[in-house]
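Peer 1:
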Amino acid sequence: MLTVTAKQASLCANNLIHVWPRSFSVAVRALNDSITGRPLGLRDPSPCQAAGACRPYSLITGGLSRPCTAKLTSTRTAGKNILAQPFNLSSSSTLKQRFVSTTSPQDETAGDSTKQKPKLAPHFRISSGKTSAGDIPHPKATTDEDENGEDSRRYLLPHPIWSDKELHSVEITHKPPQGFVDWFAYTCVQTLRFSFDLLSGYKRGVRTEKKWLIRIIFLETVAGVPGMVAAMTRHLRSLRRMQRDHGWIHTLLEEAENERMHLMTALELRKPGRLFTMAVLFTQGIFVNMFFLAYLCSPRFCHRFVGYLEEEAVITYTKLIQDLDNKKLLVWGNMAAPDLAIRYWKLKPDANMRDMILAIRADEAHHRKVNHFLSDLKPDDSNPFPPGQ
Numbered sequence: 001m002l003t004v005t006a007k008q009a010s011l012c013a014n015n016l017i018h019v020w021p022r023s024f025s026v027a028v029r030a031l032n033d034s035i036t037g038r039p040l041g042l043r044d045p046s047p048c049q050a051a052g053a054c055r056p057y058s059l060i061t062g063g064l065s066r067p068c069t070a071k072l073t074s075t076r077t078a079g080k081n082i083l084a085q086p087f088n089l090s091s092s093s094t095l096k097q098r099f100v101s102t103t104s105p106q107d108e109t110a111g112d113s114t115k116q117k118p119k120l121a122p123h124f125r126i127s128s129g130k131t132s133a134g135d136i137p138h139p140k141a142t143t144d145e146d147e148n149g150e151d152s153r154r155y156l157l158p159h160p161i162w163s164d165k166e167l168h169s170v171e172i173t174h175k176p177p178q179g180f181v182d183w184f185a186y187t188c189v190q191t192l193r194f195s196f197d198l199l200s201g202y203k204r205g206v207r208t209e210k211k212w213l214i215r216i217i218f219l220e221t222v223a224g225v226p227g228m229v230a231a232m233t234r235h236l237r238s239l240r241r242m243q244r245d246h247g248w249i250h251t252l253l254e255e256a257e258n259e260r261m262h263l264m265t266a267l268e269l270r271k272p273g274r275l276f277t278m279a280v281l282f283t284q285g286i287f288v289n290m291f292f293l294a295y296l297c298s299p300r301f302c303h304r305f306v307g308y309l310e311e312e313a314v315i316t317y318t319k320l321i322q323d324l325d326n327k328k329l330l331v332w333g334n335m336a337a338p339d340l341a342i343r344y345w346k347l348k349p350d351a352n353m354r355d356m357i358l359a360i361r362a363d364e365a366h367h368r369k370v371n372h373f374l375s376d377l378k379p380d381d382s383n384p385f386p387p388g389q
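Residues 1 to 389 (the UniProt record's numbering) make up the sequence shown, in order.
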């Protein structure tokens with residue numbers, strides 16, 4: 001059995017009363033000296049240093065024991081004040097903010113008039129393309145200042161900017177279904193496409209600009225749902241299981257915002273009426289809940305479903321480009337692209353509607369590739385797509 005003598009208990013109590021407050025006070029003084037720039041050798045000796053070794057300290061180090069004659073009132077007072085107000089730094093020993101200095105020692109000794117203000121590293125949300133020689137923008141920056149100096153892309157997530165070669169190299173592809181999940185996803189997409197084409201009159205009559213615009217607006221309100229619902233579901237799953245997401249959330253959010261920007265550019269050309277808005281509200285209420293439940297059951301099915309949905313989107317926008325090239329849409333053939341589209345995809349200043357449709361089709365082809373690839377992965381595999389790619 002472990003026995004503790006009265007002498008050992010006294011030594012433990014003495015250590016708690018004298019040694020640890022003194023050590024804490026020494027650490028605080030060293031920190032204060034490092035902040036104020038005062039050399040350690042220019043301060044007065046502590047009471048313990050003036051009086052010699054303390055009894056508890058000498059017992060710990062194996063030296064001779066003698067009574068401690070040091071006055072530890074100041075040490076106890078300092079420790080009591082720090083414990084009472086641990087974050088009160090308004091005294092003369094206020095912590096000074098430290099910045100990366102951009103001036104030389106000669107400039108620092110020249111006076112306050114010649115000192116330069118410290119430069120802070122710019123955050124990628126506020127960094128722009130116009131930078132000085134000493135500022136390095138964040139590599140994920142997607143900001144863009146117009147001629148008025150206003151940043152119109154400050155709150156946008158990173159997304160691909162397509163070259164002319166990439167815009168014109170998009171092809172209609174199809175991934176053959178393999179297994180029950182793939183066949184079920186493909187069947188659902190084909191059923192929805194046939195139903196929507198029938199109800200919207202897509203294959204009846206002449207496809208005019210009005211019919212194309214109504215189709216684009218309605219489909220983009222649906223296409224922006226899967227990425228957001230999937231990102232929310234994976235976010236809640238990560239919180240619930242207290243595990244990593246492995247980089248899926250940012251890709252899904254980028255997809256959702258990219259589809260929403262397709263809608264925003266289409267709304268620059270037409271504002272839907274109340275009946276159209278009610279139809280969107282009804283469709284969204286059903287699709288959001290159905291996709292959420294489906295993603296809880298099978299993420300593979302959902303990503304395969306979106307992959308096949310994007311295949312149909314590429315087919316749709318390819319037909320639209322063909323109508324433009326065949327002079328079936330005379331109004332859009334001579335119309336300039338909205339300013340929002342030019343800024344978002346960084347199109348040339350004289351870009352037209354065809355250039356905007358090419359950029360939208362390239363985005364849909366990219367979503368087709370990403371979702372088919374994510375469907376082949378396991379939910380806990382790492383996402384290979386970096387932000388904006």
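Where a beta carbon is used, it is the ideal one built from N, C-alpha and C, also for glycine.
Are the stretch 182–197 and the stretch 241–248 touching by the rule of at least three beta carbon pairs closer than 8 Å?
Peer 2: As far as the Cβ criterion goes, the stretch 182–197 does not touch the stretch 241–248, which means the pair count is below three.
Peer 1: Does DSSP put N371 in a helix, in a strand, or in coil?
Peer 2: Helix at N371.
Peer 1: What are the partner residues of N352, as DSSP defines its beta bridges?
Peer 2: DSSP output for N352 lists A336 as bridge partner(s).
Peer 1: What residue ranges within the stretch 181–262 form continuous alpha helix (DSSP H) runs of no fewer than 4 residues, ordered along the chain?
Peer 2: As far as the stretch 181–262 is concerned, its whole alpha helix (DSSP H) runs of at least 4 residues are 209–223 and 225–241.
Peer 1: Find the nearest neighbour of K210 within the set R343, V331, S195 and D339, judged by alpha-carbon distance.
Peer 2: Nearest C-alpha to K210: V331.
Peer 1: Here's the rule: buried if 16 or more other CB atoms are within 10 angstroms of the residue's CB, otherwise exposed. What is H366?
Peer 2: H366 is buried by the Cβ-count criterion.
Peer 1: Between which two residues does the alpha helix (DSSP H) holding F282 run?
Peer 2: Its alpha helix (DSSP H) spans residues R274 to C297.
Peer 1: For the alpha helix (DSSP H) holding L377, just list the boundary residues, first then last.
Peer 2: It is not in any alpha helix (DSSP H) - L377 carries neither H nor E in the DSSP assignment.
Peer 1: Using C-beta distances below 7 Å, list every residue in its chain close to A294, excluding the 5 sequence neighbours before and after it, in chain order.
Peer 2: Taken in chain order, the residues that qualify are F301 and C302.
Peer 1: Assuming L167 contacts A337 under a Cβ cut-off of 8 Å, what Cβ separation, rounded to an integer in Å, is found between them?
Peer 2: Actually they are not in contact, since the Cβ atoms of L167 and A337 sit about 13 Å apart, beyond 8 Å.
Peer 1: Three or more C-beta pairs closer than 8 Å, one from the stretch 233–241 and one from the stretch 256–271: is that the case here?
Peer 2: The answer is no - the stretch 256–271 does not touch the stretch 233–241, with fewer than three Cβ pairs under 8 Å.
Peer 1: Does R270 come out as helix, strand or coil in the three-state DSSP assignment?
Peer 2: The answer is coil: DSSP assigns R270 none of H, G, I, E or B.
Peer 1: Residue range of the alpha helix (DSSP H) that residue 390 falls in?
Peer 2: Outside the displayed range of the chain (1 to 389) lies residue 390, so it cannot be described from this structure.
Peer 1: Answer yes if the stretch 302–315 comes into contact with the stretch 171–184, meaning at least three C-beta pairs across the two stretches below 8 Å, and no otherwise.
Peer 2: Output reads yes: the stretch 302–315 touches the stretch 171–184.
Peer 1: Measure the alpha-carbon distance for H159 versus Q389 and round it to whole angstroms.
Peer 2: Near 6 Å, if we compare the C-alpha coordinates of Q389 and H159.
Peer 1: Kindly confirm or deny that the stretch 265–272 and the stretch 217–229 touch, where touching means at least three C-beta pairs closer than 8 Å.
Peer 2: Flag = yes, the stretch 265–272 and the stretch 217–229 touch.
Peer 1: Run through DSSP, which three-state label would G179 get?
Peer 2: Note: G179 maps to helix in three-state DSSP.
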